[in-house]
Each structure stands twice: as C-alpha cells, then as structure tokens.
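Residue numbers (my numbering): 1279 to 1441.
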C-alpha cells in the first residue's frame, strides 16, 4: 500500500510486541502512527513461545485466538537440577506461537488506524527543529516523534547514543 507523503505523529522502528503495542496504544489515542519493520510478517523468531501472566495483564484486548495452551504447573531448575516444582490452579503462563502472536499484535495496531511498512530496514535518522527524518533502505519518512522498538541491538538507540 502506498502511503501518503506527510509527517506522522509517531514513527516506530520495530513491529514486534513492544512496537505493535506502542502502535496500538498511540493509534487508539488518535495519533497517526507508522511502524517500520525490517522483516515481513509472519517471521520466525529465535525466542518466545511463552507469555507470562504479568505480561498478559498489560495487553488491553483479548488474545485467546493466539493462545495455544495455558500453563498451570512447571519446575524451577538451576544448572540442570530441579529446585522447586510449581503448581497453581490459576494460569502461570500462556503458550503461543511467536510468529502468529506478533502478527496478531500488529494487526491490532493496524485495526486502530496505524500503518506499517514491512521489509524496510531502518538506516538512520536526523532531527531538525521541526521534525525527525527517518531513512530506511527504501524511503525517507517524517515524524514528530521516533520510538525505537527494534530489539536488543537497537539501531535507533545506538544512533541516539543510548547503547
């Protein structure tokens, strides 16, 4: 989908759970949001097949369509030795398929009016007095605010001197 050339209220680099939830919240509040994602969803991730109850409490919409199982018991282990069994009547975690979960969260942000450009890698940003210019490997975008949700090796945080 071609996007109009304009200045967005917020551009979010990274459409994983943090970026998509930020996009959802901001778009729901009426901000014009653009998410930039280097991968094309659904994409594989090395980590993440479980969602804690604590994390679930921060998601303001129903996620049952992407929960595969509820966990009520398990074991705490250290260095290969069982330290303690855990068993509760209430859930302690939820099992998810990460590609499906991430796609679902992104769709929630899009349903609130956000936009997303997948397959575009963030290259750099430049801040002027009036706006931020974000360059990808394909385009230049303009925004009033930039959020780096691009993971542990964040290019946004690195360029901002936060690493």
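Where a beta carbon is used, it is the ideal one built from N, C-alpha and C, also for glycine.
Item                                                                                                                      : Value
Residues near residue 1411 in its chain [Cβ-Cβ closer than 7 Å; skip 5 each side]                                         : 1403, 1404, 1418 and 1420
CA-to-CA distance, residue 1391 to residue 1366, given in whole angstroms                                                 : 39 Å
Same chain, Cβ closer than 8 Å to residue 1429, neighbours up to 5 away in sequence not counted                           : 1292 and 1294
CB of residue 1331 within 8 Å of CB of residue 1371, strictly                                                             : yes
Rounded Cβ spacing between residue 1288 and residue 1425 (contact assumed at less than 8 Å)                               : 6 Å
Cα-Cα separation, residue 1360 to residue 1353                                                                            : 7 Å
Backbone CA spacing between residue 1328 and residue 1422 [nearest angstrom]                                              : 35 Å
Nonlocal neighbours in the same chain, by C-beta distance under 7 Å from residue 1318, ignoring five residues either side : 1396 and 1397
C-alpha gap between residue 1340 and residue 1437, whole angstroms                                                        : 36 Å
Residue burial classification, residue 1334 (beta-carbon count within 10 angstroms, cutoff 16)                            : exposed
Residue 1347, enclosing beta strand (DSSP E) - first and last residue                                                     : 1345-1349
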